[in-house]
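Position one of the first sequence corresponds to residue 2 (the numbering used here), numbered consecutively onward.
Okay, so here's the structure we're looking at.
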Amino acid sequence: MKIKDIADKLKISPRAIRFYEEKGLLSPIKQEHNQYRTFSEKEVWRLQTIISLREVGMPIGEIKKVLDQIDEGDQDELRYYLELQRAVMFSQWVEMKQIIETTDQMIHLLKQNQLLVLEDIYQLAEGSKRLREIRKNWRDRWNFDRQAVIYDEFVRNDDQSFNVHRNYDEALDLTVKWVSPKAGEFGLDIGTGTGNLAGRFLATGIQIAGIDQSKEMLKQCQRKYPQMETKLGNFLAIPYLDGQFDFVVTSFAFHHLTDEQKQLALEEIRRVLKSHGRICITDLMFEDQQKRIQYVENLKKQGQLNAIRAIEDEYYADRSRLLDWFKQHGYITKQKHINVLLHIVYAVPS
DNA sequence: TTTCTTACA
DNA sequence: TGTAAGCA
Numbered sequence: 002m003k004i005k006d007i008a009d010k011l012k013i014s015p016r017a018i019r020f021y022e023e024k025g026l027l028s029p030i031k032q033e034h035n036q037y038r039t040f041s042e043k044e045v046w047r048l049q050t051i052i053s054l055r056e057v058g059m060p061i062g063e064i065k066k067v068l069d070q071i072d073e074g075d076q077d078e079l080r081y082y083l084e085l086q087r088a089v090m091f092s093q094w095v096e097m098k099q100i101i102e103t104t105d106q107m108i109h110l111l112k113q114n115q116l117l118v119l120e121d122i123y124q125l126a127e128g129s130k131r132l133r134e135i136r137k138n139w140r141d142r143w144n145f146d147r148q149a150v151i152y153d154e155f156v157r158n159d160d161q162s163f164n165v166h167r168n169y170d171e172a173l174d175l176t177v178k179w180v181s182p183k184a185g186e187f188g189l190d191i192g193t194g195t196g197n198l199a200g201r202f203l204a205t206g207i208q209i210a211g212i213d214q215s216k217e218m219l220k221q222c223q224r225k226y227p228q229m230e231t232k233l234g235n236f237l238a239i240p241y242l243d244g245q246f247d248f249v250v251t252s253f254a255f256h257h258l259t260d261e262q263k264q265l266a267l268e269e270i271r272r273v274l275k276s277h278g279r280i281c282i283t284d285l286m287f288e289d290q291q292k293r294i295q296y297v298e299n300l301k302k303q304g305q306l307n308a309i310r311a312i313e314d315e316y317y318a319d320r321s322r323l324l325d326w327f328k329q330h331g332y333i334t335k336q337k338h339i340n341v342l343l344h345i346v347y348a349v350p351s
């Protein structure tokens, strides 16, 4: 097939096709005598792929990478790239929603009083900007991609004197028990990792999706639970539309967020939850500030410097603040500490 | 006619 | 990527 045939068939311009070739995405054979390009079935397929990926906004450079990897027989990477795209789109969407809300508030202010609102508007803008900053500031400081393969083993053998994974199984089991999902309900596990919590729900026949910001973790999870739906994403931009889930759970993940980010995360969780949706947070935290100080003091006395550093490196929640948030937002809570550090907080809308 | 290359927007 | 020019 010649270039015009392909162009017509795929509804793009011949120029575009040449352009892709120039960028190294295609390499059609050129006829000896007149340099006309000849396209085989394979090239058509390739072009279709390019067009599809362009359609979802992937830049040429990225498409080249993906294509190269597919050539090497690597289908997984395409899936990953698409998931990544989706996750990025979702964070933009969440941000966009935020901006629209702020705009609405400004409009509202202007409608109400004509004068002296400039300051209020400025305040709104500042607040909006700050939210964006908080969202942007999330990054994986722990390199979960690298931990993925050994994670499960690590959890089992975490036998350091300061063992944050103590009572791991017990806590996860109890989480399932507290949520006690009914048949037909759909849940979400945020920071699902290798799927240890989500797997427990699946085992009882409950549908649950898992999100994680680490693609390697998701690969492990997928390997363990092939039937589970997983997506790339994080607490601050959950890659799902509003009102999708009956319950949201999360274990050993919430402490990777700063206090400010925790607030946003809770709002995000509420967004993807149905109106009666419940939340269960199983994580390392302190009952309150007092307990935290006490705990650190104790470690100091015992000379457990590593443990102190570990605690300071994470953002273990202040449980009392968490409970306050739930109360303010109309939830009834139930909580329990499995050990000094490990707590479960379960919240149901009243 | 059709495609190609090159240059420029 | 679109448009245009000059060629084969």
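No residue lacks a Cβ here, since even glycine has one placed at the ideal position from N, Cα and C.
Query raised in the report: When you compare each of PHE248, ALA311, GLN295 to CYS281 by their alpha carbons, which one comes out closest?
Result: PHE248
Query raised in the report: Whose CA, out of ASP325, TRP143, LEU54, lies closest to the CA of PHE316?
Result: It should be noted that the sequence gives Tyr, not Phe, for residue 316. That would be TRP143, whose Cα lies nearest to the Cα of TYR316.
Query raised in the report: Mind checking whether LYS275 and PHE246 have CB atoms under 8 Å apart?
Result: yes
Query raised in the report: Per DSSP, ASN138 forms a beta bridge with which residues?
Result: In DSSP, ASN138 forms no bridge with anything.
Query raised in the report: Helix or strand or just coil, what does DSSP make of LEU343?
Result: strand
Query - Nearest-angstrom Cα separation, counted from GLU78 out to THR231 - result: Whole-angstrom Cα-Cα distance: 15 Å.
Report task. Check each candidate in ASN138, LYS301, ARG271 and name the one with the smallest Cα separation from TYR332. Result -> ARG271
Query - Cα-Cα separation, LEU258 to TRP139 - result: 8 Å
Requested in this report: Could you please give the first and the last residue of the uninterrupted beta strand (DSSP E) stretch that includes PRO230?
Outcome: Inspection of the sequence shows that residue 230 is occupied by Glu rather than by Pro. First-last of the beta strand (DSSP E) with GLU230: 230–233.
Requested in this report: Could you tell me the distance, in whole angstroms, from the CA atom of ARG87 to the CA atom of LEU68?
Outcome: 18 Å
Report task. To the nearest angstrom, report how far apart SER53 and ILE30 are at their CA atoms. Result -> 23 Å
Query raised in the report: Given a threshold of 16 other Cβ atoms within 10 Å of its Cβ, counted over all protein chains shown, does VAL57 qualify as buried or as exposed?
Result: Burial check for VAL57: the Cβ neighbour count within 10 Å stays below 16, so the residue is exposed.
Requested in this report: Return the chain-ordered list of same chain residues with a C-beta closer than 6 Å to the C-beta of TYR81, the five sequence neighbours on each side being excluded.
Outcome: LYS216
**Report entry** Three-state class that DSSP yields for LEU285 in the structure shown
**Finding:** strand
Query raised in the report: In whole angstroms, what is the alpha-carbon distance linking GLN291 and GLN329?
Result: 22 Å
Requested in this report: Decide yes or no for the touch test of the region 118–125 against the region 161–170: beta carbon pairs closer than 8 Å, at least 3 of them.
Outcome: no
Query raised in the report: Hey, quick one: how far does the beta strand (DSSP E) through LEU189 stretch, first residue to last?
Result: 187–191
**Report entry** Option nearest LEU342 by Cα separation, candidates GLU84, TYR241, LEU265, SER252
**Finding:** SER252
Query raised in the report: Thinking C-beta only, is LEU83 closer than 8 Å to GLN49?
Result: no
**Report entry** Own chain residues within Cβ distance below 6 Å of ALA149, not counting five before or after
**Finding:** GLU217, MET218, GLN221
Query raised in the report: So, using beta-carbon positions, are ILE239 and ILE212 closer together than 8 Å?
Result: yes
Report task. Would you list the residues sitting across from SER351 in a DSSP beta bridge? Result -> SER351 pairs with nothing; no bridge assigned.
Query raised in the report: Within this structure, are the beta carbons of ASP284 and HIS344 separated by less than 8 Å?
Result: yes
**Report entry** Residue nearest to ALA210 in terms of C-alpha spacing, selected from GLN93, VAL250, LEU175
**Finding:** Answer by Cα proximity: VAL250.
Report task. Could you tell me how far apart the beta carbons of HIS277 and PRO350 are, in whole angstroms, since I believe they sit closer than 8 Å? Result -> Right, the Cβ-Cβ distance comes to about 6 Å (below 8 Å), so this counts as a contact.
Query raised in the report: What distance in whole Å lies between the Cβ atoms of THR176 and LEU198, which are believed to be in contact at a cut-off of 8 Å?
Result: Right, the Cβ-Cβ distance comes to about 6 Å (below 8 Å), so this counts as a contact.
Query raised in the report: Less than 8 Å separating the beta-carbons of ALA254 and ILE151?
Result: no
Report task. Reducing DSSP to helix, strand and coil, say where TYR1 ends up. Result -> What is shown of the chain runs 2 to 351, which leaves residue 1 out entirely.
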